Structure formats: C-alpha cells, structure tokens
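In the working numbering, the protein residues as written are 1221 to 1473. Note that CB positions come from ideal geometry on N, CA and C, so glycine has one too. Remember, it's a predicted structure, so these values are computed and weren't measured experimentally. Notes follow once the structure below has been shown.
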C-alpha cells in the first residue's frame, strides 16, 4: 500500500474528514475572530465523545443518623444510581469465605483498621461489575472517604479513571442525632445505638471526616444540606442537586 493509500485508509477509518469539516463549519457559523480556538474546542469535544464514558461517583457524608441512607435510597429509586456502602462491602467480603475476606476478618478481630487499598479495591470491583453487567454509570459511595487516609488512597488508586461529580454532606447537630439514634435503638437491635457509642461516632466524624469535607470545599465539589428538616424537605433539595449533577455529566460526556 502506498503512503497516499495508507493516509486515505486511516482518514476513512477514523472519520477524520467529517470531523475536520464539522470543526470548520463550527468556526464559520460562529464567525469567531479566533477560528483555531473554536476548531480546537470542537475537536476536543469530539474526542471526549469517542472515549468510553467514565462512571460518575458522588460521595455521601454526614454524621451517624444524619439521614444518608434514607436519601441514598430515594436517589437510587428516582434517579437510577447504584448505592455502594464501603462498610457493607467489607462485611459482605468478610462473610464470603475468600482469602481477602479472611484477611479482613483477621484485621477486625485484632482491632486493626482494614487497609484503605482493600476498601477501594472492593468499591472498584462493585463499580466495574455494575457497569459491565448493567451498563450502570451513576454511583453513590456512602460513608467514604471517612478520613484523609481514605482520601489519599482514593486519589492514588483511582485518580481520574472515575469522575467525582460532587460530595453530598448532610449536616445535623449532635443533640438531634442523639435523639434520632436513641429512638432508632429501641427497635433496631444495633449495639452501637447507645449514648456512649453515639457520642464517640459523632466525635470521630467531626475530627476525621471534617478535613475531607473541607478539602472538597476548596474544589467546589461540596453540596451541603440541613438534615434536621423533614425527609421530604431534604429530598427536594437533594433531588435538584443530583439532577443538576447528572445533567452536567451527560452534557460533558
């Protein structure tokens, strides 16, 4: 094959002529004084559309009893997200009988923190599975990252392979959280729904998770909600925020 034939075959295979013509038409239509910039933006947009769509992730954070689970369930039902809980994934893997599950069990029995790499591996596996089997692209990651170690692990392992659309933060003052969890404890059977455990969990959230929230605030990714209001009131704000997040994701990918 001659060079000219090779070039023509390549251009045909990758629709280069059509893409270039569309970029030129875009510049002419806008009568831009900087046509090269318009054409470059058009070509970049075409490139993005040709790439596999990265899944969208939204982190969900808040103190114990802030209503994260309730709002996540509504997002899943109404907006088609997949809800992933780091804690649930660890518990499921621990019970699975796998070598990794045995390792997680050993850490927990010894009172040690499970390495963040393990948690992230489980999250990524769940995302990949849902994407592969159901073409799921929208994910809620509940209760993660809990601390700066989680944050650093996520950035190191995940990087930009997933798109972080935002961080949903539900704020409720400690007194109201205590009332909610003590009431829940009457029927939940959870051993950690007692006043001592509640205070400890809330203090851990303030000391360890607040720095994570502050970091994402600097990136303008945090959406805060007054979780002390009624479920429906919180949901109204949550729904509009997440819908806007998805609309932006769809328009840019």
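Across the structure, residue 1436 and residue 1442 are spaced so that their CA atoms are roughly 6 Å apart. The beta strand (DSSP E) runs lying completely inside the segment 1265-1349 and spanning 3 residues or more are 1276-1282, 1302-1305, given in chain order. In the structure shown, residue 1392 falls within a coil segment according to DSSP collapsed to helix, strand and coil. The three-state secondary structure of residue 1446, taken from DSSP, is strand. Closest in alpha carbon position to residue 1382, among 1345, 1408, 1319, is 1345. Closest option to residue 1279, judged by alpha-carbon separation, among 1301, 1245, 1419, 1448: 1301. At a Cβ-Cβ threshold of 8 Å, residue 1432 and residue 1367 count as neighbours. Here DSSP, grouped into helix, strand and coil, assigns residue 1384 to strand. Excluding five sequence positions before and after residue 1304, the CB atoms of its chain that fall closer than 8 Å to its own CB belong to 1343, 1346, 1347, 1359, 1360, 1361, 1362, given in chain order.
Looking at the DSSP output, residue 1361 bridges to 1279, 1304.
In terms of CA proximity to residue 1446, 1285 leads the group 1285, 1356, 1318. Within 10 angstroms of the beta-carbon of residue 1292 lie 16 or more other beta-carbons, which makes it buried. Within the model, the alpha-carbon separation for residue 1453 versus residue 1393 is close to 17 Å. The DSSP-derived three-state label of residue 1441 is coil. Three or more pairs of CB atoms, one per stretch, sit closer than 8 Å, so the segment 1373-1388 contacts the segment 1452-1470.
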